[in-house]
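Undergrad: Numbering (the UniProt record's numbering), first residue to last: 1 to 154.
Backbone N, C-alpha and C define an ideal beta-carbon position, used for all residues, glycine too.
Below you'll find the structure I mean.
In structure tokens, the structure reads:
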């Protein structure tokens, strides 16, 4: 699963960027995170996210990228796990929440790093992006979960 998340992360880096808003992307690797969250436990999803972030960060990005990604992934995973466990969110709802909170986590770290709250002006665009991509990833994850239900996941 970690290898698949790394591949998705790498593929996403190869896709052309059509918007100029920092941090806006599809979130393909979140597909693996959502799948693991529903088929294993939060701990395994966290480990896979950590492995993906560190490997992608060191191979293709930089330390700041790792920092932003870790913050986004941590907040996202915490919120997704809570929404799934305590609030009964659907797979799509969990994924949308993950997309939005991942962007929010990255903005919080960016504001701390640059010591300027103006980065939150990006939030409306990132909110819309998180809603749309989170919904798409959630739909795909839900379909994968349906098609693999009853199978042993190794």
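Determine the direct distance from the alpha carbon of residue 135 to that of residue 64, and round the result to whole angstroms.
TA: Locating residue 64 in the chain shown gives position 64, counting from the first residue. Locating residue 135 in the chain shown gives position 135, counting from the first residue. Taking the straight line joining both Cα atoms gives about 27 Å.
Undergrad: Spatial neighbours of residue 51 within its chain, please: C-beta separation below 6 Å, excluding the five flanking residues on both sides.
TA: Taking the chain shown and counting its residues from 1, the one referred to as residue 51 is at position 51. Counting only Cβ-Cβ distances below 6 Å, and skipping sequence neighbours, we find 2.
Undergrad: Is DSSP giving residue 148 helix, strand or coil here?
TA: Position 148 of the chain shown, counted from the start, is the residue given in the question as residue 148. In this structure, residue 148 counts as coil in the three-state DSSP scheme.
Undergrad: For residue 84, count the other beta carbons within 10 Å of its own beta carbon; 16 or more makes it buried, fewer makes it exposed. Which is it?
TA: Position 84 of the chain shown holds residue 84. Per the 10 Å Cβ criterion, buried.
Undergrad: Specify, as a first and last residue, the run of the alpha helix (DSSP H) that residue 37 falls within.
TA: Start at 1 with the first residue of the chain shown, and residue 37 comes out as number 37. That run of the alpha helix (DSSP H) goes 29 to 39.
Undergrad: The alpha helix (DSSP H) with residue 57 in it runs from where to where?
TA: By one-based count along the chain shown, residue 57 stands at place 57. Residues 42 to 60.
Undergrad: Could you tell me the distance, in whole angstroms, from the CA atom of residue 14 to the CA atom of residue 68?
TA: Indexing the chain shown from 1 puts residue 14 at position 14. Indexing the chain shown from 1 puts residue 68 at position 68. Whole-angstrom Cα-Cα distance: 19 Å.
Undergrad: What does the alpha-carbon distance come out to for the pair residue 125 and residue 106?
TA: If you number the chain shown from 1, residue 125 lands on position 125. If you number the chain shown from 1, residue 106 lands on position 106. The alpha-carbon atoms of residue 125 and residue 106 are separated by roughly 14 Å.
Undergrad: Rounded to a whole number of angstroms, what is the C-alpha to C-alpha distance between residue 110 and residue 119?
TA: Start at 1 with the first residue of the chain shown, and residue 110 comes out as number 110. Start at 1 with the first residue of the chain shown, and residue 119 comes out as number 119. One C-alpha to the other measures close to 7 Å.
Undergrad: Only counting the same chain, and skipping five residues up and downstream in sequence, which positions put a Cβ closer than 8 Å to that of residue 71?
TA: Translated into positions along the chain shown, residue 71 becomes position 71. Closer than 8 Å at Cβ, skipping near neighbours: 105, 106, 108, 109.
Undergrad: Kindly indicate which three-state DSSP category residue 116 falls into: helix, strand or coil?
TA: By 1-based counting over the chain shown, the position of residue 116 is 116. Coil, per DSSP.
Undergrad: For residue 93, name the three-state secondary structure that DSSP assigns.
TA: Numbered from 1 along the chain shown, position 93 holds the residue referred to as residue 93. Of the three classes helix, strand and coil, the one that applies to residue 93 here is helix, per DSSP.
Undergrad: Under three-state DSSP, which class holds residue 84?
TA: Numbered from 1 along the chain shown, position 84 holds the residue referred to as residue 84. Looking at residue 84 - three-state DSSP - the assignment turns out to be helix.
Undergrad: With residue 35 and residue 145 assumed to form a contact (beta carbons below 8 Å), what rounded beta-carbon distance in angstroms separates them?
TA: As a first step, residue 35 must be located in the chain shown, where it is residue number 35. As a first step, residue 145 must be located in the chain shown, where it is residue number 145. About 7 Å separates the two Cβ atoms, so the contact holds.
Undergrad: Suppose contacts are defined by Cβ-Cβ distances below 8 Å. Is residue 133 in contact with residue 57 by that definition?
TA: The residue labelled residue 133 in the question sits at position 133 within the chain shown. The residue labelled residue 57 in the question sits at position 57 within the chain shown. Not a contact, by the Cβ cut-off of 8 Å.
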